[in-house]
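Remarks on the structure that follows.
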Amino acid sequence: MSGHSKFANIAHKKAANDAAKGKIFTRLGKELMIAVKEGGPDVNNNSKLRQVVAKCKAANMPNDTIDRAIKKAASNDMSNYESVTYEGYGPNGTAIIVEALTDNRNRAASNIRSAFTKGGGNVGTPGCVSFMFDNKGQMIVDKEEYTGDADELMMLALDAGADDFNEEDDCYEILTSPEEFDAVNQALADAGVTFASAEVTMIPQTTVDLTSEDDIKKMNRILGLLDEDDDVQNVYHNWNEPEEDEE
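Residue numbers (the UniProt record's numbering): 1 to 247.
Given below as structure tokens:
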């Protein structure tokens with residue numbers, strides 16, 4: 001593994017989330033609703049819902065808030081919402097994937113294209129960059145939060161079905177296939193492990209460095225505009241964000 005800290009990026013995101021936790025919880029609530037719509041409100045019989053609940057818990061969403069969102073979703077009509085994915089390029093050929101949940105596809109498409117354009121990027125055709133990413137379950141464990149033995153954590157994860165275990169300066173990263181995410185997440189949670197992040201995500205196979213101040217400004221512009229868009233749920237990219245920017 002490189003010396004670059006994955007946890008630095010997670011910590012940066014969580015710090016930003018703390019400043020706008022209501023917005024984050026709203027997005028997670030929409031994910032819960034869509035998961036219930038697709039597979040029903042029973043966590044035991046809905047693997048997608050289990051994945052979203054794990055993501056909610058890692059984001060410190062209270063259990064009663066999660067339960068209320070699931071009950072609300074079970075009684076609400078979400079048929080007007082649809083999942084849409086856009087792929088495109090940022091400065092210097094950086095790859096960006098945007099996942100949205102929207103009740104107005106035209107509005108979502110227009111706003112997302114505008115975000116790319118304002119940052120000097122462009123939306124491409126479906127599949128144009130997704131081949132550069134792997135769909136993986138990823139759990140990040142903060143070393144300050146986990147006081148146990150690293151080898152024991154690794155064996156616990158691998159025995160539960162994890163594909164890979166990596167140690168960084170300040171965290172442990174556990175990778176799984178999407179199908180094994182539930183089992184590994186549950187096994188670690190049952191063992192008392194808490195997560196800085198736990199989700200099925202898109203992990204870039206390689207990363208791109210941006211050395212120009214202008215490129216960095218443009219990339220941040222794209223990501224900032226996407227973050228402000230209520231239709232946007234998740235954004236994945238292969239920019240190797242400099243650690244000094246992450247406090």
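For each residue, glycine too, the CB sits at the ideal point set by N, CA and C.
V193 - DSSP class collapsed to helix/strand/coil: coil
Beta strand (DSSP E) segment containing D134, residue limits: F133 to D142
CB-CB length for K55 against G120, believed under 8 Å: The Cβ separation is near 31 Å, so there is no contact.
9 Å Cβ cutoff met for D229 and A100: yes
Delimiting residues of the beta strand (DSSP E) encompassing L101: A95 to T102
Rounded separation between S110 and A157 - CA only: 42 Å
Given P204 as reference, the closest of I112, N240 and V84 once Cα atoms are compared: N240
Residues that DSSP places opposite N234 in a beta bridge: E99
Helix, strand or coil at M202 according to DSSP, with G and I counted as helix: strand
Whole-Å CB distance - G93 paired with N122, under 8 Å assumed: Actually they do not touch by this definition, with Cβ atoms about 11 Å apart.
Touching by the beta-carbon criterion (3+ pairs, under 8 Å), the region 62-81 and the region 20-38: yes
Cβ pair count under 8 Å reaching 3, the region 141-152 against the region 177-187: no
Spatial neighbours of F165 in its chain, beta-carbon cut-off 6 Å, leaving aside the 5 residues before and after: M154, A157 and I174
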